[in-house]
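Residue numbering for the sequence shown follows numbering that gives the first Met the number 0, starting at 0 and increasing by one per position. Following: one structure in structure tokens, then a few remarks.
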Amino acid sequence: MGYLPSFAFLGFAVVGNWARCTLKRRGVRTQGRLGGDSWGTGILSVDVIYRDHEGERHYVTVAPEYLPDGGSSSVVEVVYDPRNPERAMSAGEFERPAWRTIEGGFFFIAVGVALPYTVLLLLG
């Protein structure tokens, strides 16, 4: 079994941060407008509607903590991938350090699970 749980957590971290890494390389900023909000699985989320470089309309779901001014402004800055405009996130979420995200937490869990096993292998 060994490192299998660590690889699973590391896989979650990589997949979760893939969009962030792609947006860091080629992301384009644009202005979006608040759409509707919903309570999916008991968590409030807000839809932000934005247009890509070709004028097509898209939306991204954003958690309220990533909205500027606590959600009092109707304009939200969005970062999207021009090759795949559906891949997007709010600028607030995008600018948050990766280690302070859920996906970053998965990375630290992977290291934390692998470290004791590695120590046992080295000592045993």
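All residues carry an ideal CB built from backbone N, CA and C; glycine is no exception. In this text, all values refer to a predicted model and were calculated from it rather than measured experimentally.
- Residue burial annotation: L3 is exposed, with fewer than 16 other C-beta atoms found within 10 angstroms of its C-beta.
- Per DSSP, the unbroken beta strand (DSSP E) holding Y49 starts and ends at I42 to R50.
- Per DSSP, S73 lies in no beta strand (DSSP E) and is assigned neither H nor E.
- Counting the other Cβ atoms within 10 Å of the Cβ of L122 gives fewer than 16, which makes it exposed.
- For G31, the closest alpha carbon among the candidates G1, F105 and P84 is that of P84.
- Annotation for A87: no alpha helix (DSSP H) segment contains it, though the beta strand (DSSP E) segment containing it runs N83 to S89.
- A62 sits close to S44, with the two beta carbons spaced by under 8 Å.
- Burial is judged here by how many other beta carbons sit within 10 angstroms of a residue's own beta carbon; R28 has fewer than 16 and is exposed.
- In this structure, DSSP gives Y2 a state outside helix and strand, which the three-state scheme calls coil.
- The three-state reading of DSSP puts T117 in helix, counting H, G and I together.
- Burial of L66 is indicated by the presence of at least 16 other C-beta atoms within 10 angstroms of its C-beta.
- Annotated three-state conformation of G54 is coil, per DSSP.
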